[in-house]
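The structure appears right after this line, and notes come after that.
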Amino acid sequence: QKEVEQDPGPLSVPEGAIVSLNCTYSNSAFQYFMWYRQYSRKGPELLMYTYSSGNKEDGRFTAQVDKSSKYISLFIRDSQPSDSATYLCALKKSGGGADGLTFGKGTHLIIQP
Amino acid sequence: DSGVTQTPKHLITATGQRVTLRCSPRSGDLSVYWYQQSLDQGLQFLIQYYNGEERAKGNILERFSAQQFPDLHSELNLSSLELGDSALYFCASSTTDPGSGNSPLHFGNGTRLTVT
Chain A
1 QKEVEQDPGP LSVPEGAIVS LNCTYSNSAF QYFMWYRQYS RKGPELLMYT YSSGNKEDGR
61 FTAQVDKSSK YISLFIRDSQ PSDSATYLCA LKKSGGGADG LTFGKGTHLI IQP
Chain B
1001 DSGVTQTPKH LITATGQRVT LRCSPRSGDL SVYWYQQSLD QGLQFLIQYY NGEERAKGNI
1061 LERFSAQQFP DLHSELNLSS LELGDSALYF CASSTTDPGS GNSPLHFGNG TRLTVT
């Protein structure tokens, strides 16, 4: 079983829809959770960062973490064509580990105008 | 713009050759991470440096090595290249000590390596 699972998509939705992107993980040592957006031929760009269960909102984006279920989500409201990209969840273990982030493989999102 | 600079953007070379990828972290960032991204494996952590010292190794092949210099820029050296090494190589940097959880990474735009 992979440490982080993410549906690769593609996920295609009409403009203005609410988008839900998800990751599941298996190791309870993961305590820090991030979402990155990656446009084609670009590096991943940090969107959201959280370290606790619950919701965190930033503009049209909401990150949700449920540590008991080992499930994290990113919601995008009022989706725009410019949101079309690959979205990667990234998780980091606690305990002072210096081994970077563990990434999901990314979900390819397409917002249809 | 993340502030992380990677050169070159593209690199085409032959099997058996050696290449060097360069990364300049964001101003003030002491930690540098290297990742490899391929279509089938996604983003894979290779190696991490903090203030010039190696701090963690991931799935890095013995043919690959890296270092971080006193001015904090980093280089990733790939030798005896194989077709399977073709991938995007990303550098990321962060401000804090890698032992701290509060260290989101900021990525450069990568070097696309093609081995023919």
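Protein chains in written order, with our numbering: chain A, 1 to 113; chain B, 1001 to 1116. Glycine included, every Cβ here is placed at the ideal spot set by N, Cα and C.
Worksheet entry | Asn1109 of chain B to Lys70 of chain A span [Cα, whole Å] | 30 Å
Checklist entry - Start and end of the beta strand (DSSP E) containing Pro14 of chain A? => result Leu11 to Pro14
query = Comparing the C-beta of Lys56 of chain A with each C-beta of chain B, is any distance below 9 Å?
reply = no
(request) Decide yes or no for the touch test of the region 23-43 of chain A against the region 80-88 of chain A: beta carbon pairs closer than 8 Å, at least 3 of them. (result) yes
What residue range does the beta strand (DSSP E) around Leu1117 of chain B cover?
There is no way to answer for residue 1117 of chain B, as the model of chain B reaches only from 1001 to 1116.
- Roughly how far, in whole angstroms, is the beta-carbon of Pro44 of chain A from the beta-carbon of Thr107 of chain A, given that I think they are within contact range, below 8 Å? Rounded, the Cβ-Cβ distance is 13 Å, inconsistent with contact.
Quiz item: In the structure shown, what three-state DSSP assignment does Leu1088 of chain B receive?
Solution: strand
- Item | Buried/exposed call for Ser52 of chain A, threshold 16 Cβ in 10 Å | exposed
So Thr107 of chain A is in the beta strand (DSSP E); what residue range does that whole segment cover?
Thr107 to Gln112
Checklist entry - Would you say Pro44 of chain A reaches chain B, if we count a Cβ-Cβ gap shorter than 9 Å as a contact? => result yes
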